[in-house]
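Beneath this line is the structure, given in structure tokens, with notes to follow.
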Amino acid sequence: MARLSWIFVLAVLPTLQLQTAFGETISHHPITRQDNSGDIPKVPLRILPLGASITWGYLSSTGNGYRKPLRDKLRYQGWQVDMVGSKTNGDMKDNGVEAHSGDVISQVQTAVGNSLKYKPNIVLVNAGTNDCEQNLNIPYAGDRMRSLIESLVTAPDMANTAVILSTLIPSGQENIEATRQSVNTEFRTLVETMRADNVSIILADMDPLAPSPDHNWLSYPDDYADPKHPNDIGYSKMASVWYEAIMKAAIQGIIPEPAPVSISPTGTCDKSYGDGIYAGGHTQKGSGEDDGIYYHDSQFMGIYFSVRSGKGAAEEYKDDDELNFFFARLYTQKKDDLLIYQKSSSGFVTFNTYRNTGENEQMFPLGGSFSIHGNCNPGGVHFIDINADGLDDYVCIALDGTAYASVNNGDGDPGSNTPPTFSDIGKWKDAEGYDQAHVRLGDVDGDGRADYCVIADNGDITCWRNGWIENVPAYWQPLGKRFAGKGIGDLRGVRFEDINGDGRDDWLWVGDDGATTTYTNSRSCTKGHDGSGLDIVWRQGFHRGVSSGPTHPGMGEFGSTGLRDNVYFARIHGEPAAFGLLGLQDYVFIQKDTSDKDLGPMYFMHVWKNTGGGGGGGGGEIKADGDRYCNMMGHENGMADYVWIHSTGHMRLYPNKGPTMAPANGESYWGPNKIIFDPTQLEIASDIDRRDLHLVDWDGDGACDIVWTRSDDQNKVVLWRNRIRETGDFNWEYNLNAAPDLYCPEKRGLGFFDRPVHFADVSGNGKGDYLCVEKDGRTWGFIHNNDDGWDYVDQFKYSEQKDRANLHWADVNGDGRADMIHTDKFTGDGTVWYNLGRRDIKGSRYEWAPMGAKYRGAVAGSCTYFPDLDGDGRADMHSILNSIENTADSWPKRWKRVRRDDVMSALYRNSGPPALSGGRNTRPKPINFHFIACSGSTINDIYEDDGTHSSSSGSGGGGGKSDLSQANQLKDLHPDMVTLTTGGNDVNFADVLDRCVYRFYDLKGCGGCTPSATFNDCSDDCDKAMVALEHRMKGQDFIPSFGRAINAIFQSAPTTHLFVTGYPAFWNAETDACDKVSFKFGCINNPVLPLIKRRRKRMNDLTCKLNGIIERVVKATSPPAGGSIHYVDVDPYFEGHRFCEEGVSEPSYRNSDIWFYPFEYSTGNTFTLSADSQIASVGDDCSAIWEDNGDAGDYFSCALNNATASGDSIDLSKLPNNVPGDGDVDLSSSSGSKLPTFLARIFHPTINGFTAYKRAVIDVYLAAA
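Right, here's the structure in full:
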């Protein structure tokens, strides 16, 4: 669409925004009998849908099955509904369910154990179709169903739960139909006998016997998607039968109040930054194995290479008085090749190469040469990997410290001894105020990319991290001081070398005699911040057998001074200290022999092979490198166990004992540990690099399996399936070729967490999906289907420009689908993208909502994990405090329940109606926005031209007056999208608020109400106002007028997409907290007409009914070709943010958690007016007060005091105009007067409330798109 105009048409009254109490979009389905539900006392319904594939909603277009049309009908009739279950399915918000495709009755009984914790007060049971399909002992199907029902009513707090048992629906399968009626007869008899046993049970007869008029209510094939499962029409018919059965149970009074539960209800839960609860102590006290500190040892290998320069030298060196040697990984990261520097007359630097063959007889044969652009002196030359491809690139440090680079193209051919070419990329890093002699390059954070460091005269080293994945860094992150000087001596001896092969450059100081002091570099978990991050654990190494002094003893046999520049560290042999590491760096001394006076100097390369390593025999690996978390034991609640994986692949299990907090008595959070997996003892009989091992629930049985992705074969998979749920022990089932179609050509990076393959349940079916993650975070892969097949997904998630080493996938909000988390390397803060499910958007097959930072890091990002430790289905933050000791703390999440669609909030940043156009992520982004709402307007004002309508404003503000109606103004705007909110003024909800809440006409004090010609009782006053409102909304004019408004909009803009919003309910009508509270002026502590639950609920019910009427009008409208119309249910977005919420002391002013404006008796924070306050004396000239300080609150206090004393009422429309800082709202009254915003906005949404409106509209827009 080339251009998008967005029109916001809003007609609201000065004192309200209305809508349902807990509502969802209403889909009104046919009911075969008269609906008398309005007269039934309504308790909150906590409904457990229980069964198999039909209950799951299989083959319905949305996955909701019968659950959403049933919930909609209940909500429409004013019932509070919470669908519960350990599973979720469908695109409805409240989508809890306990259903497993293929389950027979006995398996359903087993499965329901997962959901008894929710203590439902209604259980809908539909099971037995699979028994019929399998002809499973049909004469005893009723007995099996009895056993299932008894397991329900004998569960804690469920003795009185209402069980609604359905008969089986018709089928197109002969094997089902052959026994279905027999099972239905058993079920009908069972209901009668169990009712006689005082069980609260009702029959939902899906197919009554003929001659019942409801026989064949579900008709095959018209109402079916396949011979066994309904289509959307069939599911809606099932919903009708369920609804009637629930109403019957309600009429009979057998639905109890829901029992208290100690767990979070089902539904998704929003994660807020920093809201995790500290577990109260170490949840990990130190475990695993490490290599300790580095101990060096070596073996002298002899002289591997010699060359002469000057007189008597080979042609290429005969003119060189001095040779300069370098080592670089030209062909492979495993070994260093030898290079000799030469400067050509053209200004280019040339390097002659000698390839490292690894063969002692001819270790370094002469190869080709390559040239580098530039005139770099030998002191500035460095060969180091700057782009993490495992090959060394060329960097020249200029005299002022500026760095220039050329990239190794990786096109060298070792077979023909042809070196690679290098591409000049120009300036790589600006100088930092230090000259060439003070610059050091080294990979200090272990990500495979060289960082830039400078060394101060006192030895302190400050570094800048090479950021991103390209050849030219996208940014340089200042790390601050990363090494404190040791005061050893000449700074020329300081080097960065990866002496132990762990991929992190260590600090070495080479003395003038060649003796070397070593401090190895290990990953730290200390939290940092910009400018001081990625702390390093420096541990001093020693020569084997001693605990002091240098690691390398030096070249005393060649002298005691002047030897430093002849010492090199290189992977000549490149033998790793342990499996999975890079090779150790050997000690190389190049002796310059000038003893033959008739010839030029001779150079001899002496090599000492490094045979050192950690005290544990490795290369300095730390304990924290082995940490993993997954539900290996198959815990029913899904909580993760702790698994420590050795570098060679064997696994030690620490079972989760289930505490939600760290034990205070010092006991372990985990149970006794044991080795559970050792690849050397299994079929492959070899070690496996732990970076290629994955713990994932492969088959969806609730227990984690082990997958090996073979990094040398495009990451194809080998599976060991965990059979603990079947056999009681792991009994690994080996499968060499479990999924031959899976592959990922990406290579593992050098960084420990830089791995190309992840497994995560993105689809939400309980099975791990295969994610191939490119270096920039772009992710593609394969979905693991319910039938165990795999579907290729060309893109799960587009790149967020976050390197993959910091990406995690875990279920943050508890909707059953893995979300994406990026941890900040420095702070550990976790930024979250919610997985909104399957939807083609931005080139991806799934939609992801950016939620911002949701986890406040406690440690560095590399030490932060997100397992579900407490089994609530949501990712907790688990932080390794000490990488060496491997201690950890946890922050299990305590969740506030919200609706799943609330996740859209972070997509749109501004608030209020004009904000629909302002969010930079709004899709598609509006180009023009026109706000033509008029406060106080009625429905007629939408389509009648009378000269009192506000004109459109492209800036989002109201303009002047227009002779055209709001609908007619659309003709010249050609909008693509219009939002309409209207109807509240027409039913005069303001009168209900006045007579039931504020009673501005009754100012005599708190002793009672003032009799009037119309009403003589306060309660009667309120009740009659509500009755009058209901008559107005059901009157003969409301619906036709609303339809005319919609038609007028389409006449002016026939191809627009119209979104008609409902209203939010004002009250939490379930709490008793407001039963003694009054919002009436002066009566806060001596309430008149208190806001009792019944009154709040009735006002909410009026909102619900108004929304139902609006929705029916919307659904009855047929838009013109090219246009569309949609109803927007805003009420669920206000859940938890109404007046009278639990724990709020009302009236609560300036409370950001309440999303409506209350009436504030002052616009400031200094006072709240009460009946005896004397802000102004009775009889004072209120206009003088206004002129004196301009405070609307003071003025209104004066007016109220005068009115209270005299018994008069106050005309709100007479208040002065131009309230300072608060603006005005035009009233469409004959007087044309204005009302100060602080009064006009009473019971209107606040900024947060309008943001909720915005989210609701955009959610419906995205769903429609």
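Residues -23 to -1, 1 to 1242 in mature numbering (1 follows the signal peptide of the UniProt record, and there is no 0) are what the sequence shown spells out, letter by letter.
Positions of the beta carbon are idealized from the N, C-alpha and C atoms, including for glycine.
All values derive from a computational prediction rather than experimental measurement.
Next on the checklist: Buried or exposed for A173, going by 16 or more other Cβ atoms inside 10 Å?
Outcome noted: In the sequence shown, counting from the first residue as 1, residue 173 sits at position 196. Looking at its Cβ environment, which holds fewer than 16 other Cβ atoms inside 10 Å, A173 is exposed.
Checklist entry - Residues in its own chain within less than 7 Å of A305 by CB, not counting five upstream and five downstream? => result Your numbering for residue 305 matches position 328 in the sequence shown. For A305, where only same-chain residues beyond five positions count, the Cβ hits under 7 Å are D313, D314, L316, F360, D369.
Next on the checklist: Tell me which residues share the same chain as P7 and place their Cβ nearer than 6 Å to its Cβ, disregarding the 5 neighbours each side in the sequence.
Outcome noted: Stepping through the sequence shown from its first residue, residue 7 is reached at position 30. At P7, the pLDDT of 32 sits below 50, so the modelled position is not reliable; the number obtained from the coordinates is stated separately. Here the set comprises nothing.
Checklist entry - Should E399 go down as buried or exposed, given a rule of 16 or more other Cβ atoms within 10 Å for buried? => result If you number the sequence shown from 1, residue 399 lands on position 422. According to the sequence provided, residue 399 is Phe. The question's Glu does not apply to it. Under this definition F399 is a buried residue.
Checklist entry - Within 10 angstroms of its Cβ, does L376 collect 16 or more other Cβ (buried), or is it exposed? => result Within the sequence shown, the letter at position 399 stands for residue 376. L376 comes out exposed.
Next on the checklist: Quick check: what's the CA-CA separation for E1119 versus G791?
Outcome noted: In the sequence shown, residue 1119 corresponds to position 1142, counting from 1. In the sequence shown, residue 791 corresponds to position 814, counting from 1. Straight-line Cα distance between these residues: approximately 24 Å.
Next on the checklist: Just to confirm my understanding: we take N1077, look at its own chain, exclude 5 residues before and 5 after, and list those with CB closer than 6 Å. What are they?
Outcome noted: The residue given as residue 1077 occupies position 1100 in the sequence shown. Here the set comprises A(-3), A1042, W1044, A1046.
Next on the checklist: Just to confirm, is the Cβ distance from H1034 to D953 under 9 Å?
Outcome noted: As a first step, residue 1034 is located in the sequence shown; it is residue number 1057 there, counting from the start. As a first step, residue 953 is located in the sequence shown; it is residue number 976 there, counting from the start. Yes, the Cβ-Cβ distance between H1034 and D953 is below 9 Å.
Item to check | Span separating the alpha-carbon of P1031 from that of I919 | outcome: Residue mapping note: residue 1031 aligns to position 1054 of the sequence shown, counting from 1. Residue mapping note: residue 919 aligns to position 942 of the sequence shown, counting from 1. Taking the straight line from one Cα to the other gives about 16 Å.
Next on the checklist: Once the 5 residues before and after A354 are set aside, which same chain residues still bring their CB inside 6 Å of it?
Outcome noted: Here the question's residue 354 lines up with position 377 in the sequence shown. At residue 354 the sequence reads Asn, which differs from the Ala that was named. There are no such residues.
Checklist entry - V89 by DSSP, collapsed to three states: which one? => result As a position in the sequence shown, residue 89 is number 112, starting the count at 1. Looking at V89 - three-state DSSP - the assignment turns out to be helix.
Checklist entry - Whole-angstrom Cβ separation of H506 and T804, contact assumed at under 8 Å? => result Locating residue 506 in the sequence shown gives position 529, where the first residue counts as 1. Locating residue 804 in the sequence shown gives position 827, where the first residue counts as 1. Contact flag correct, Cβ pair sits at about 6 Å.
Checklist entry - Tell me which same chain residues have a C-beta within less than 6 Å of the C-beta of G589, skipping the five on either side of it? => result Here residue 589 is taken as the residue at index 612 of the sequence shown, counted from 1. Within the same chain, G589 has close Cβ partners Y272, H273, D274.
Item to check | Inter-residue Cα distance where the pair is D771 and W757 | outcome: Here residue 771 is taken as the residue at index 794 of the sequence shown, counted from 1. Here residue 757 is taken as the residue at index 780 of the sequence shown, counted from 1. In a straight line, the C-alpha of D771 is about 5 Å away from that of W757.
Checklist entry - Which one of Y496, V544, R541, V102 has the shortest CA to CA distance from P527? => result Mapped onto the sequence shown, residue 527 falls at position 550. Among Y496, V544, R541, V102, the Cα nearest to that of P527 belongs to Y496.
Checklist entry - Does DSSP classify I683 as helix, strand or coil? => result Looking up residue 683 in the sequence shown gives position 706. Correct three-state label for I683: strand.
Item to check | Contact between the stretch 76 to 91 and the stretch 47 to 58 (3+ Cβ pairs under 8 Å) | outcome: no
Item to check | Where the alpha helix (DSSP H) through A222 begins and ends | outcome: Here the question's residue 222 lines up with position 245 in the sequence shown. It spans 209 to 228 - the alpha helix (DSSP H) in which A222 sits, taken as one unbroken run.
Checklist entry - Do A433 and I402 come within 9 Å of each other at the CB atom, strictly closer than that value? => result For this step, residue 402 is matched to residue 425 along the sequence shown. For this step, residue 433 is matched to residue 456 along the sequence shown. Not a contact, by the Cβ cut-off of 9 Å.
Checklist entry - What residues in its chain sit with their C-beta under 6 Å from that of D676, if we drop five residues either side in the sequence? => result Within the sequence shown, the letter at position 699 stands for residue 676. Contacts found: none.
Checklist entry - What is the DSSP secondary structure of S1029, counted as helix, strand or coil? => result Position 1052 of the sequence shown, counted from the first residue, corresponds to residue 1029. Here S1029 sits in helix by DSSP.
Next on the checklist: So for K1092, helix, strand or coil by DSSP?
Outcome noted: Translated into the one-based positions of the sequence shown, residue 1092 becomes position 1115. Looking at K1092 - three-state DSSP - the assignment turns out to be helix.
Checklist entry - To which residues does DSSP link R815 through a beta bridge? => result The residue labelled residue 815 in the question sits at position 838 within the sequence shown. Per DSSP, Y823.
Next on the checklist: On the CB-based measure, 16 or more other CB atoms within 10 Å of its CB, does G705 come out buried or exposed?
Outcome noted: Walking along the sequence shown from the start, residue 705 turns up at place 728. That one is exposed.
Next on the checklist: I need the straight-line Cα distance from V1091 to G829, nearest angstrom please.
Outcome noted: On the sequence shown, position 1114 is the one that residue 1091 refers to. On the sequence shown, position 852 is the one that residue 829 refers to. Computed Cα separation, rounded: 36 Å.
Next on the checklist: Would the stretch 406 to 413 count as touching the stretch 384 to 395 if we require 3 or more Cβ pairs under 8 Å?
Outcome noted: no
Next on the checklist: Could you compute how far the alpha carbon of G269 sits from the alpha carbon of G591?
Outcome noted: Position 292 of the sequence shown holds residue 269. Position 614 of the sequence shown holds residue 591. Each residue's Cα considered, the two are about 5 Å apart.
Checklist entry - What do you get for H726, buried or exposed, if any count of 16 or more other CB atoms within 10 angstroms of its CB means buried? => result On the sequence shown, residue 726 is found 749 positions in, with the first residue counted as 1. It is Gly, not His, that sits at residue 726 in the sequence shown. With 16 or more other Cβ atoms within 10 Å, it is buried.
Item to check | Buried/exposed call for P903, threshold 16 Cβ in 10 Å | outcome: Along the sequence shown, one-based indexing puts residue 903 at 926. Confidence at P903 is low in this model, with a pLDDT of 37, below 50, so the placement of that residue should be treated as unreliable; the coordinate-derived value is given next. The residue in question, P903, is buried, as its Cβ has 16 or more Cβ neighbours within 10 Å.
Checklist entry - Cα-Cα, which of F1027, L36, I446 is closest to D731? => result On the sequence shown, residue 731 is found 754 positions in, with the first residue counted as 1. Taking only the C-alpha atoms, the option nearest D731 is I446.
Checklist entry - Under three-state DSSP, which class holds T166? => result Here residue 166 is taken as the residue at index 189 of the sequence shown, counted from 1. In the structure shown, T166 sits in a helix (DSSP, three-state: H, G or I).
Item to check | Ranges of the beta strand (DSSP E) found wholly within the stretch 55 to 113, counting only runs of at least 3 | outcome: 58 to 60, 73 to 76, 99 to 103
Checklist entry - Between K802 and L511, is the Cβ-Cβ spacing less than 9 Å? => result In the sequence shown, counting from the first residue as 1, residue 802 sits at position 825. In the sequence shown, counting from the first residue as 1, residue 511 sits at position 534. Cβ atoms of K802 and L511: closer than 9 Å.
Checklist entry - For P733, does the count of other Cβ atoms within 10 angstroms reach 16, so buried, or fall short, so exposed? => result In the sequence shown, counting from the first residue as 1, residue 733 sits at position 756. Classification of P733: buried, given that the 10 Å Cβ count is 16 or more.
Item to check | Backbone CA spacing between V1237 and K1082 [nearest angstrom] | outcome: One-based indexing of the sequence shown puts residue 1237 at position 1260. One-based indexing of the sequence shown puts residue 1082 at position 1105. Near 21 Å, if we compare the C-alpha coordinates of K1082 and V1237.
Checklist entry - Given N712, which residues of its chain have a CB within under 6 Å of its CB, disregarding the five upstream and five downstream residues? => result For the purposes of this step, residue 712 is identified with residue 735 of the sequence shown, where counting begins at 1. So the list reads L696, once near-sequence residues are dropped.
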